[in-house]
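Novice: Dropping a structure here in structure tokens format, bear with me for questions.
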Amino acid sequence: MDIPSFLATYGGPGGLAVAAVWWAISDRKFSAERRAELREDIEREQADNTRLREDLAQESAKRIAAESERDQERAKRITIEDQLRLLLIERGDDQ
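Per this note's numbering, residue 1 is the first one in the sequence shown, and the count goes up by one each step.
As structure tokens, then:
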């Protein structure tokens, strides 16, 4: 029942007081529902953020592992090149 029809039915100051009480109760109910919705939204966002942080950490770990592997391969290549230079120097094929 909406307020105008309530006042038309019951009228007078008593009806107005009841309408004010009804409005206050419905406003509190709406506010409580809205807070609950906001709480759910916040919890969902926090869960999404946690998942994204975990994904980012995993990707970062993969990147670091790949960079480490690249650096190890570079070190191996440099070692092999140095050994080749030494062999060439020993053979007299110094360039």
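Every residue gets a Cβ at the ideal spot worked out from N, C-alpha and C, and that includes glycine.
Can you give the Cα-Cα distance for ALA32 and TRP22, rounded to whole angstroms?
Specialist: 15 Å
Novice: From the DSSP output, in three-state form, read off ASP93 for me.
Specialist: coil
Novice: Compute the Euclidean distance between the alpha carbons of ARG74 and ALA57, then round it to the nearest angstrom.
Specialist: 25 Å
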